[in-house]
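In this note's numbering, the protein residues as written are 4 to 268. Here is the structure we will look at, set down as structure tokens.
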């Protein structure tokens, strides 16, 4: 039997991950990272950089879809918070990419385990207790200041994991600022695009991307993720969201610990 080409394998893994992301409203990058590490044998720093590039492709397609179905007026009232989170996350992404480059593999893997397990726990909690909040009661200035501070943390998580950050941005918008879940999803994509762009630029300056990787992994896995996300979106009415989040949260926690703690990180 002829071995499966890397491009084909990347597409085949990208599609179901994109479907899962579409079902739960995320880009799926947190699930791609263990796959890049375990299946494609990418070194940890390389896996993070490639995951960020794939996230950019999925974000662009997601924004194109959302712009056509979400009325602009639903975003206008959120412009101050949007600006604060975006500015802070871009700064955080700049710092996070620089910080990641100075970390040893063992320490970076330790960070990744903690962050992925944290996301897995958040999925479990969200599965049992859907996000609802009236948001903080504060002046516009304090809300923007809080958005900047929280944005820095979001940007650092994005660069350290190579993710778009929706798994952190959406709960922040809903719980801290009181946005409804649909608006939060749109704002999340708008915040994530420049954040991911900064992270990619920082990794590119360090020579983290090679043309062969872009052709063999980033493009086919990105296309597979986009196709899967559309399928996942159509399946949303037929799949119980709470049960799905619980199951995926458990899978993420187990896979993160097994794959990224192989050296006792």
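C-beta atoms are modelled at their ideal positions from N, C-alpha and C, and glycine is treated no differently. Only a predicted model underlies this, so the values are computations on that prediction, with no experimental measurement involved.
Does residue i pass the burial test, meaning 16 or more other C-beta atoms within 10 Å, or should it be called exposed?
i	result
residue 182	buried
residue 42	exposed
residue 269	Here the chain comprises residues numbered 4 to 268, so residue 269 is not present and cannot be evaluated.
residue 243	exposed
residue 40	buried
residue 1	As displayed, the chain neither begins before 4 nor continues past 268, which places residue 1 out of reach and without an answer.
residue 124	exposed
residue 79	exposed
residue 129	buried
In three-state terms, what does DSSP make of residue i?
i	result
residue 170	helix
residue 87	helix
residue 133	coil
residue 212	coil
residue 108	helix
residue 141	coil
residue 117	helix
residue 80	coil
residue 226	helix
residue 317	Since the displayed the chain opens at 4 and closes at 268, residue 317 lies outside it and no answer follows.
residue 17	helix
residue 149	helix
residue 51	helix
Given this structure, state the Cα-to-Cα distance separating residue i from residue j, to the nearest angstrom.
i	j	result
residue 200	residue 59	7 angstroms
residue 154	residue 168	10 angstroms
residue 51	residue 34	12 angstroms
residue 266	residue 233	At residue 266, the pLDDT of 47 sits below 50, so the modelled position is not reliable; the number obtained from the coordinates is stated separately. About 37 angstroms.
residue 114	residue 177	25 angstroms
residue 146	residue 256	33 angstroms
residue 98	residue 45	23 angstroms
residue 7	residue 138	50 angstroms
residue 116	residue 133	24 angstroms
residue 141	residue 121	28 angstroms
residue 62	residue 260	27 angstroms
residue 217	residue 170	25 angstroms
residue 235	residue 94	32 angstroms
Output needed for residue i: all residues of its chain with C-beta closer than 8 angstroms, excluding positions within five of it in sequence on either side, in chain order.
i	result
residue 96	158, 159, 161, 162, 198, 199, 201, 202, 205
residue 66	192, 193, 196
residue 143	83
residue 3	What is shown of the chain runs 4 to 268, which leaves residue 3 out entirely.
residue 103	48, 51, 111, 162, 163
Considering only residues of the same chain and omitting the five flanking positions on each side of residue i, which have a CB-CB separation below 7 angstroms?
i	result
residue 49	211
residue 151	87, 90, 91
Across the region 80-92 and the region 240-252, are there enough close Cβ pairs to call them in contact, namely three or more that are closer than 8 angstroms?
Output reads no: the region 240-252 does not touch the region 80-92.
The region 7-26 touching the region 209-229, judged by at least three CB pairs closer than 8 angstroms
The answer is yes - the region 209-229 touches the region 7-26, with three or more Cβ pairs under 8 angstroms.
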